[in-house]
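Below is one structure, written out as structure tokens, with a few remarks after it.
In the working numbering, the protein residues as written are 26 to 358.
Given below as structure tokens:
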């Protein structure tokens with residue numbers, strides 16, 4: 026019996042030491058392609074050659090940097106601000122929103138504070154939950170994009186991925202300049218972060234040490250309370266095989282959105298992988314949704330509607346497009 030207690034004591038001391046080391050020497054943990062295995066250090070993407078670099082400040086004076094990519098079409102359809110995932114950066118935007126430029130959208134992509142080459146990595150204390158600073162960063166980016174636009178009254182949508190999607194949802198409840206949302210693999214949810222899935226992100230030892238040392242503070246934002254305050258059109262995209270955020274939680278959140286909401290479940294896709302699993306449908310559906318939501322619908326995009334079998338769509342409240350052929354209204358799976 027004494028040997029068991031001795032072993033437990035050694036493990037406890039080891040956990041405490043590792044936690045202290047992790048706090049003194051912050052380590053940036055990136056989930057490469059959002060798979061189960063974490064990668065160290067963060068893999069920064071190559072900078073985009075084109076575009077205009079814009080530096081701006083948040084309300085608390087924090088300096089941020091972004092890149093404004095002009096539309097490739099002659100007529101402007103609006104602006105899309107890209108909200109990147111945890112430990113991502115502004116260069117992640119291309120695979121998700123590059124196609125929107127060809128249908129008339131200017132794209133503004135930026136780095137959240139503590140992200141990018143010139144910023145410190147995320148702290149464990151505020152990495153997973155949406156903070157007031159995160160929302161302030163996105164609202165400042167929205168204002169910077171509107172100021173840069175050539176349009177007098179631009180219509181603006183936010184395209185968020187992972188934690189960036191959760192930040193976008195929270196910002197839309199406060200920011201009147203946001204007129205539409207595309208939320209891919211939204212996270213986190215209460216109970217899902219960090220205790221339930223942090224072990225796949227940063228290791229069991231740090232989770233144990235953090236839990237033993239102190240309780241985590243209550244998150245600044247609860248998505249369940251925020252969702253009813255959002256009254257703009259929303260497209261939620263989620264992989265059926267996402268192991269980080271379950272489908273039940275996503276369906277519940279979609280049903281709580283105060284405005285029009287479509288939930289598109291992509292078969293075979295894991296966390297944030299829908300764009301790779303069915304790239305054509307991803308581009309067509311997100312482009313068509315934003316054009317419709319921002320009240321601009323060129324004929325070329327109307328004709329490029331995705332095929333019904335490309336994905337499963339669930340709609341909450343008033344749908345902005347007809348239901349796919351062969352899908353019952355009561356059960357879209």
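The beta carbon of each residue, even a glycine, is placed where N, CA and C say it ideally should be.
query: Segment contact flag, the region 155-162 with the region 114-128, C-beta cutoff 8 Å, min 3 pairs; result: no
query: Reduced DSSP secondary structure (H/G/I, E/B, other) of residue 287; result: strand
query: Under the three-state DSSP convention, the category residue 135 falls into; result: strand
query: 6 Å CB neighbourhood of residue 104 in its chain, flanking five on each side removed; result: 131, 170, 174, 179, 181
query: Residue 251: first and last residue of the uninterrupted beta strand (DSSP E) it sits in; result: Taken as a continuous stretch (DSSP letters only), residue 251 belongs to no beta strand (DSSP E), being part of the alpha helix (DSSP H) at 248-251.
query: Alpha-carbon to alpha-carbon, residue 205 and residue 380; result: It is not possible to answer for residue 380, since the shown part of the chain is limited to 26 through 358.
query: Contact the region 188-201 vs the region 251-271: 3+ CB pairs below 8 Å; result: yes
query: Contiguous alpha helix (DSSP H) assignments of at least 4 residues, all confined to the region 180-220; result: 188-197
query: Cβ neighbour criterion (16 or more within 10 Å) applied to residue 201; result: exposed
query: Runs of alpha helix (DSSP H) lying entirely within the region 102-131, each at least 4 residues, in chain order; result: 118-126
query: Paired residues, beta bridge with residue 92 - DSSP; result: 78, 134
query: Inter-residue spacing [alpha-carbon to alpha-carbon] between residue 330 and residue 246; result: With a pLDDT of 37 at residue 330, under the threshold of 50, the modelled position of this residue cannot be trusted, and the question is left open.
query: DSSP state of residue 275 mapped onto helix, strand, coil; result: helix
query: Nearest-angstrom Cα separation, counted from residue 268 out to residue 37; result: 29 Å
query: Among 138, 317, 297, 86, nearest to residue 190 - alpha-carbon criterion; result: 297
query: Proximity winner among 276, 164, 249, relative to residue 203 (alpha-carbon distances); result: 164
query: Limits of the alpha helix (DSSP H) - the one that residue 256 falls within; result: Note, residue 256: premise wrong, no alpha helix (DSSP H); not H, not E.
query: Residue environment, residue 30, which counts as buried when at least 16 other CB atoms sit within 10 Å; result: exposed
query: Buried/exposed call for residue 35, threshold 16 Cβ in 10 Å; result: exposed
query: Contacts around residue 162, its chain only, beta-carbon distance under 7 Å, and the 5 residues preceding and following it disregarded; result: 83, 89, 137, 138
query: Pair within 8 Å by beta-carbon distance, residue 183 and residue 109; result: no
query: Residue 301 (DSSP reduced to helix, strand or coil); result: helix
query: Counted within 10 angstroms of its Cβ, other Cβ atoms place residue 96 as buried (16 or more) or exposed; result: buried
query: Residue 271 beta carbon less than 8 Å from that of residue 299; result: no
query: Run of the alpha helix (DSSP H) containing residue 167, from where it starts to where it stops; result: 157-173
query: DSSP state of residue 282 mapped onto helix, strand, coil; result: coil
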